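K.L.:
Pasting a structure here, questions to come.
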Amino acid sequence: MPSNVAQSEVVPSENRKTQRAIDLRSDTVTQPTQEMRRAMAEAEVADDVYGEDPTMNHLQERAARIFQKEAAIFVPTGTMGNQVAIRVHTQHGQEIICEERAHFINLESATVAAFSGCQPRTIYGADGVITWEQIKKKIAPPAYYRAQTGLISLENTGSLAGGTIFPQEIADEICDGAHEAGLPVHLDGARIFNAATAMGKTVAEIARKFDSVMFCLSKGLCAPVGSMLVGSRAFIDKARRVRKAMGGGMRQSGVLAAAGLIAIEKMPARLQEDHDNARLLAEGLAEIKGIKIDARKVRTNILVFSIVGTGMDTAEFSRSLAEKNVLAAGIDQEQMRFVTHNDVGREDCLKTLEAVRGICSR
Ligand SMILES: *Cc1c(COP(=O)(O)O)cnc(C)c1O
């Protein structure tokens, strides 16, 4: 099941065998493009554990350049990227301050506890956005019996919050305050290219004050595998040790980097299309009786909407949709999530709205 679908079952559709399903479960389902497949087949490779894979080195240099950070490292998954960053930034027995829906504490198998020996100190923020005002009250006082704060982690876009944008002024203020208090700040930027598109900023502008950023090459950017961590040279050198310790040292990984290069160079330019489709879905859903969504809040490729008024729970709603060849899942019993991506076009969105109207009028 896609890593960022929380609760309800993922519904396989019988129809999928005969007809391509409209798959709105997540942007993790995207197919690599033909250009990626060709580049992967032709990639020049060598052993990356020796640091000799030319395609991988090229990807890491390009990522560092695009984010205007000193260095970058490829990791097989976003989870590994976040957890390597946390391991490097923290010591066992510390706390990490984050919003309560943060991906790294909800959908990454308690790795902060198991691997870094830390506990989360959560804050609720509307739309997943927390402020320096809130955070500074949660920084542990130096009492010897209090777990000390080791890290602050933010998310942009906020995945479980519904693809929300983290406003730059608020993020910058948090980074400034944290640095003054001697604390590093990590950004889970799994979908930072979606954020950049919606904010009209470059990823470098968003990343500027963060000590480390994780972003995904898979998902909306369509690479089959991979995420990256960017940060200072010293941070990335430590991350390479931790990645190896977690079993993430790879050999001829240039075949993956070849797809990743296309993901960062070419795919961000088409993300606006996904955002337009998400808005189209949101506006259509807002008109359907029993469904509640504020379409104006949908700014990226994720939309979360309440179906309480339909009398169905999300499992039943998902099953009914699957019968109409549309795949989606709930994030809890009352809220459904749709995610748009490269393999879902405008026509598919119109068909989806037709399907939702059908099941809601029964
Ligand atoms: C997908 C995602 C991750 C983890 O990525 P995986 O490749 O699934 O491990 C981390 N954070 C956010 C916000 C995500 O959406």
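Just so we're aligned: 292 in this note's numbering is position 292 of the sequence shown, and the numbers increase by one with no gaps anywhere.
Glycine included, each C-beta is placed from N, C-alpha and C at the ideal position.
Since the model is a prediction, treat every value here as computed from it, not as a measurement.
#1: Please classify Leu256: does DSSP put it in a helix, a strand, or coil?
#2: Closer than 6 Å by C-beta to His92: which residues in its own chain qualify, once you throw out the five before and the five after it? Chain order, please.
#3: How big is the Cα-Cα spacing for Ile264 and Tyr145?
#4: Is Thr79 near ligand 1, going by C-beta to nearest heavy atom under 6 Å?
#5: How far does the alpha helix (DSSP H) with Cys360 in it reach, from first residue to last?
#6: Where are the beta strand (DSSP E) runs, 3 residues long or more, that stay fully inside the region 143-170, in chain order?
#7: Which one of Lys289, Glu316, Gly330 has the shortest CA to CA distance from Leu303?
#8: Going straight from the alpha carbon of Gly248 to that of Asp48, what length do you get?
#9: With distance defined between alpha-carbon atoms, name the residue in Glu287, Thr352, Lys289, Arg296 nearest to Ser318.
#10: Roughly how many whole angstroms lie between the Cα atoms of Ala257 and Val29?
#11: Using DSSP's beta-bridge definition, name the partner residues of Ile96.
#12: Count the other CB atoms within 10 Å of the CB of Cys349; is the residue buried (16 or more) or exposed (fewer)?
#13: Do Ala245 and ligand 1 come close, with the Cβ less than 6 Å from some heavy atom?
#14: Would DSSP call Glu205 helix, strand or coil?
#15: Is Asp53 near ligand 1, judged by its Cβ being under 6 Å from some heavy atom?
#16: Given a threshold of 16 other Cβ atoms within 10 Å of its Cβ, counted over all protein chains shown, does Pro184 qualify as buried or as exposed?
#17: So the beta strand (DSSP E) Val339 belongs to, where does it begin and stop?
#18: DSSP state of Met363, grouped into three classes?
#19: Quick one: what's got a C-beta closer than 6 Å to Thr300's C-beta in the same chain, skipping five residues either side?
#20: At the level of alpha carbons, what is the spacing between Gln7 and Phe338?
#21: Do Ala278 and Thr340 come within 7 Å of each other at the CB atom, strictly closer than that value?
#22: Using CA atoms only, rank isn't needed, just tell me which of Asp172, Gln252, Leu261 is closest to Ala72.
#23: Could you tell me the distance, in whole angstroms, from the CA atom of Thr77 to the CA atom of Ile293?
#24: Given that a residue counts as buried once 16 or more other Cβ atoms are within 10 Å of its Cβ, and exposed if not, what is Val308?
#25: Per the DSSP calculation, Ile22 is bridged to which residue(s)?
#26: Quick check: is any heavy atom of ligand 1 less than 6 Å from the C-beta of Asp188?
#27: If you reduce the DSSP assignment to three classes, tell me which class Asp276 lands in.
P.N.:
Working from what's here:
#1: helix
#2: Gly117
#3: 45 Å
#4: yes
#5: 346-360
#6: For the region 143-170, whole beta strand (DSSP E) runs of length 3 or above, ordered along the chain, are 149-155.
#7: Gly330
#8: 11 Å
#9: Thr352
#10: 19 Å
#11: Pro120, Leu151
#12: It is buried - the Cβ of Cys349 has at least 16 other Cβ atoms within 10 Å.
#13: Because no heavy atom of ligand 1 lies under 6 Å away, the Cβ of Ala245 does not count as near it: no.
#14: Secondary structure at Glu205: helix, using DSSP grouped into helix, strand and coil.
#15: no
#16: buried
#17: 335-339
#18: The requested residue 363 does not occur in the structure, where the chain is confined to residues 1 to 362.
#19: Thr157, Gly163, Asn194, Ala198, His275
#20: Low confidence applies to Gln7: its pLDDT is 45, below 50, so where it sits in the model is not reliable, and the reading given next is rough at best. Approximately 14 Å between the Cα atoms of the pair.
#21: yes
#22: Leu261
#23: The alpha-carbon atoms of Thr77 and Ile293 are separated by roughly 31 Å.
#24: exposed
#25: Val326
#26: yes
#27: helix
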